[in-house]
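The opening position of the sequence shown corresponds to residue 1014 in this note's numbering, with each subsequent residue numbered one higher.
Heads up, the beta-carbon is just placed ideally off N, CA and C, and yes, glycines get one too.
Note that this is a predicted model, so its numbers are computed, not measured.
Take a look at the structure below.
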Amino acid sequence: MTTTAEQLSATTLLRFATAGSVDDGKSTLVGRLLHDSKAVLTDQLEAVEQASLSRGQETPDLALLTDGLRAEREQGITIDVAYRYFATARRRFILADTPGHVQYTRNMVTGASTAELAVVLVDARNGVVEQTRRHAAVAALLRVPHVVLAVNKMDLVDYAEPVFAAIAEEFTAYAASLGVPEITAIPISALAGDNVVEPSAHMDWYGGPTVLEHLETVPVSHDLTACHARFPVQYVIRPQLAEHPDYRGYAGQIAAGVFRVGEAVSVLPSGRTTTITGIDALGESVDIAWAPQSVTLRLADDIDISRGDLIAPADDAPAVSQDVEATVCHVADQPLTVGRRVLLKHTTRTVKAIVKDIPSRLTLDDLSQHPAPGQLVANDIGRVVVRTAEPLALDPYEYSRRTGSFLLIDPADGTTLSAGMAGAAFAEAAEAVVTADDDAAWDF
């Protein structure tokens, strides 16, 4: 007899993030999703009911299921990224509820950086606003392959199809111009529960899936084995014990791809080549290992290798350079200026660097590039050129979200300044909005 645990272990996992402007109803949608899918514990629901009654509300405010900070509940807004885990019979989910206020746009970068799908909410009364475009741009920059446009509060516009159609057309055109490969528009009322988990009785003109149905059925791929093989070295193991006098292993987590015993590899940034003579996983020797396993590689030659070096197939190694051209989302309150000295953290490697140029800042209204802004302030998205003190092996972000991303850090106090994505800013504009059945090219 199959147990519930066994059933869930066999289902796929979807990581998704929610985003939208203030008061668009993100937290209410998440609360409704958790409540109607029976993913809320009794004591949690009772706590929400008590908190709602104390605020003079006759019905439970489902937004309180995710707005956990005292400041969030007092202000009625989301400030921090709230992570929630829930599951249905068809799929498991990790949800990141991100803030909608422009002041906390940077938090969306955190929540969506590992997401395979983003739910962007729009208030049906307000339509597509600047913050909606900002969130679509962030999703496109982070190469989130699936975007859901949830047109909320349809009950406040009498469930009018023309209102939904106009918003869906405007958003779809904008997101497609950013290169978002797949966009699905769903009319909902999070407060009333229309088209969240159950189909709406008020919108018979809509024949598409509910939010939960789409989340359960959207194609996702976690197959990192088809991607370029990359192994950032995290730790060098030299026990120097009597039973292992000559053991030298390089430990870390495989970021992508497959490694095999006997394979020729390059060690970057030095460029030295050697052969894998052994792979140790969980205390045993294996012939093959794949992402995201944590393993120890043993190599044929004694090469000077330390934390931060990257091991890759000899015939498929990334280019090494000290000049990094990238798009960054600036997340710190202090501005990022030309000439600023920073630390650049890429996988397990942290090097000194200097910001050589800020060629442009993205204007979200029309996607134009504002040339030579001189600096980037909090929540700005712009292009930067960074010169590093030591060479780095970065992949273009479009090929690998793991080895194509980096952080710029303040060397004085360790504050994260910017989140960077190497290579081109956006994917090529989509010619048509299609359902992506093949996600093999996406590296998560």
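A direct Cα-to-Cα measurement between Ala-1186 and His-1148 gives close to 15 Å. Note that the C-beta distance between Thr-1287 and Val-1278 is below 8 Å.
Between Val-1135 and Phe-1184, the beta carbon gap of about 7 Å places them in contact (Cβ cut-off 8 Å). Closest option to Thr-1350, judged by alpha-carbon separation, among Gln-1388, Pro-1409, His-1359: Gln-1388.
Going by C-alpha positions, Ala-1391 is about 11 Å away from Ala-1432. Residue pairing from DSSP places Met-1434 in a beta bridge opposite Thr-1340, Ser-1418.
Between the C-alpha atoms of Val-1157 and Pro-1252 there is a straight-line separation of about 42 Å. As for any beta strand (DSSP E) of minimum length 3 sitting wholly inside the stretch 1206-1259, the runs are 1248-1250, ordered along the chain. Within the same chain, and ignoring the five residues on either side of Ile-1201 in sequence, the residues whose Cβ sits closer than 6 Å to its Cβ are Ala-1163, Asn-1165, Asp-1207, Asn-1208, Val-1209. Per DSSP, the unbroken beta strand (DSSP E) holding Ala-1366 starts and ends at 1362-1376. Cβ atoms of Val-1364 and Leu-1357 come within 8 Å of each other, at about 6 Å. Counted as a single uninterrupted DSSP element, the alpha helix (DSSP H) harbouring Ile-1180 occupies residues 1174-1190. Sequence-distant Cβ neighbours of Val-1141 in its own chain, meaning closer than 8 Å and more than five residues away, are Val-1135, Ile-1180, Glu-1183, Phe-1184, Tyr-1187. Tyr-1263 and Thr-1360 have their C-alpha atoms spaced approximately 15 Å apart. Taken through DSSP and simplified to helix, strand or coil, Leu-1281 comes out as strand. Under the DSSP definition of a beta bridge, Phe-1106 partners with Leu-1027, Phe-1099. In the structure shown, Asp-1049 adopts helical secondary structure according to DSSP, grouped into three states.
In the DSSP annotation of this structure, the continuous segment of the beta strand (DSSP E) that includes Gln-1382 starts and ends at 1381-1384. Under the DSSP assignment, Val-1151 falls in the alpha helix (DSSP H) whose first and last residues are 1143-1154. Here the C-alpha atom of Phe-1272 lies approximately 7 Å from the C-alpha atom of Ala-1242.
Under the three-state reduction of DSSP output, Asp-1136 falls in the strand class. Only residues of its own chain outside the window of five on either side were considered, and among them Arg-1400, Thr-1401, Ala-1402, Glu-1403, Pro-1404, Leu-1405 have a CB closer than 8 Å to the CB of Gln-1335, listed in chain order. With a cutoff of 8 Å on beta-carbon distance, Ile-1250 and Thr-1309 are scored as near each other. Counting the other Cβ atoms within 10 Å of the Cβ of Arg-1103 gives fewer than 16, which makes it exposed. Rounded to whole angstroms, the Cβ separation of Val-1043 and Thr-1025 is 20 Å, and the two are not in contact under 8 Å. Under the DSSP definition of a beta bridge, Lys-1358 partners with Thr-1363, Leu-1420.
Between the stretch 1287-1303 and the stretch 1311-1329, the count of C-beta pairs closer than 8 Å reaches three or more; the two stretches touch. By the neighbour-count criterion, in which a residue is buried when 16 or more other Cβ atoms sit within 10 angstroms of its Cβ, Asp-1317 is exposed. The criterion of a C-beta distance shorter than 8 Å is satisfied by Leu-1204 and Gly-1038. The alpha-carbon separation between Leu-1380 and Met-1434 amounts to approximately 18 Å. Within the same chain, Cβ atoms closer than 8 Å to the Cβ of Ala-1131 are found at Phe-1029, Ala-1030, Thr-1031, Ala-1032, Ala-1125, His-1148, Ala-1152, Val-1157, His-1159, Val-1160, Val-1161, the five residues on either side in sequence being excluded.
Going by beta carbons, Tyr-1172 and His-1215 fall inside the 8 Å limit. In summary, Leu-1295 is exposed, with fewer than 16 beta-carbon neighbours lying within 10 Å of its beta-carbon over all protein chains present. Under a 10 Å Cβ-count criterion, Arg-1146 is classified as buried, with 16 or more other Cβ atoms of the shown protein chains found around its own Cβ.
Under the DSSP definition of a beta bridge, Ser-1202 partners with Asp-1207.
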